[in-house]
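**Student:** Residue numbers (our numbering): 84 to 159. Ideal Cβ placement from N, Cα and C applies to all residues, glycine included. Pasting a structure here, questions to come.
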Amino acid sequence: IQEIRARGALTIVVAEEGDDAVLPYADHLITVPATPTLLQPLVATVPLQVFACELATARGNEVDQPRNLAKSVTVE
Numbered sequence: 084i085q086e087i088r089a090r091g092a093l094t095i096v097v098a099e100e101g102d103d104a105v106l107p108y109a110d111h112l113i114t115v116p117a118t119p120t121l122l123q124p125l126v127a128t129v130p131l132q133v134f135a136c137e138l139a140t141a142r143g144n145e146v147d148q149p150r151n152l153a154k155s156v157t158v159e
């Protein structure tokens, strides 16, 4: 993370609540509840999907109709 920041990039860190060790490395921090190690990817997925959706919307991308989608399912 330090190498990335040294090159001028902003960092977004996903960390458990109360994990203050990452604060010096994070420009933006997304906190998730403390969970067992095996469940951490599941807990982090939802905030990252919300972040991706909000970022795409802010950039003007249509999140409900992605480009280059070969097949789609329509529900009547």
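Whose C-beta lies closer than 6 angstroms to the C-beta of residue 112 among residues of the same chain, with five residues either side of it excluded?
**Tutor:** Here residue 112 corresponds to residue number 29 of the sequence shown, with the count starting at 1. 96, listed in sequence order.
**Student:** So, under 8 angstroms CB-CB, residue 115 and residue 130 are touching, yes? Tell me the CB distance rounded to an integer number of Å.
**Tutor:** Numbered from 1 along the sequence shown, position 32 holds the residue referred to as residue 115. Numbered from 1 along the sequence shown, position 47 holds the residue referred to as residue 130. Their Cβ separation, rounded to whole angstroms, is 6 angstroms, which keeps residue 115 and residue 130 in contact under 8 angstroms.
**Student:** Specify the secondary structure class of residue 139 as computed by DSSP and reduced to three states.
**Tutor:** As a working note, residue 139 is residue 56 in the sequence shown. Three-state result, residue 139: helix.
**Student:** On the DSSP bridge list, what partners appear for residue 96?
**Tutor:** Reading the sequence shown from its first residue, position 13 is the one you call residue 96. Residue 96 is bridged to 112.
**Student:** Are there three or more Cβ pairs, one per stretch, closer than 8 angstroms when the stretch 144-158 is compared with the stretch 117-128?
**Tutor:** Contact between the stretch 144-158 and the stretch 117-128 is absent, because fewer than three Cβ pairs lie under 8 angstroms.
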